[in-house]
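In our numbering, the protein residues as written are 137 to 338. Okay, so here's the structure we're looking at.
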């Protein structure tokens, strides 16, 4: 299993030293993601709470990959629930963006593109293409970065301008979901091209 955090790095050593179970970090990441829409609904400066929550989910993702790669007793339940937790996390972020004014159609299209990307990569691995040799614009780390920037911008606007700049928040969030949607589409296109080329050479 490829990990984003090298095991011999300082962060990797700290993660491994915790001896957390992979299932636990998946649960922590999911809970943090589910709290993002709550912080958004509370509004005002509390929108900024979405940033550390997204950071917790991102750290949980990295920790899971590293711990799972080193685990000798990874349960099938965790293997099944981890991708489900990841999709629920992204759905929570999209719902939070919608709460802040993102167009519903853009939220729906973005969610569909992410689902198609994950399904395509999963099917490719099932037929033996486990190492596609590239990182695309549709990776989960890219989604986390884009959505964090969006919530950060919305939070800063809320703190600086209050209710009078509500339209600005909606504009920033619309830009965020549009960027996520375009990156997801480009990432899916990249993945399809690479998978198609690999299958032709099969």
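Glycine included, each C-beta is placed from N, C-alpha and C at the ideal position.
Run the CB neighbour count on residue i, radius 10 Å, all protein chains shown included, and call it buried at 16 or more, exposed below.
i	result
residue 229	buried
residue 335	exposed
residue 155	exposed
residue 144	In this prediction, residue 144 has a pLDDT of 49, which is less than 50 and means its spatial position is unreliable; what the coordinates show is noted afterwards. With fewer than 16 other Cβ atoms within 10 Å, it is exposed.
residue 360	The structure shown does not extend to residue 360, since the chain is modelled only from 137 through 338, so no value can be given for it.
residue 159	buried
residue 279	buried
residue 259	exposed
residue 277	exposed
Which residue from the options puts its Cα closest to that of residue i?
i	options	result
residue 223	178, 170, 272 and 325	170
What would DSSP say about residue i, mapped onto helix, strand or coil?
i	result
residue 195	helix
residue 332	helix
residue 273	coil
residue 297	helix
residue 225	helix
residue 210	coil
residue 286	helix
residue 306	helix
residue 279	helix
residue 291	helix
What residue range does the alpha helix (DSSP H) around residue i cover?
i	result
residue 165	158 to 178
residue 258	240 to 262
8 Å is my cut-off, CB to CB: does residue i come that close to chain B?
i	result
residue 262	Protein chains in the displayed structure number just one, and chain B is not present.
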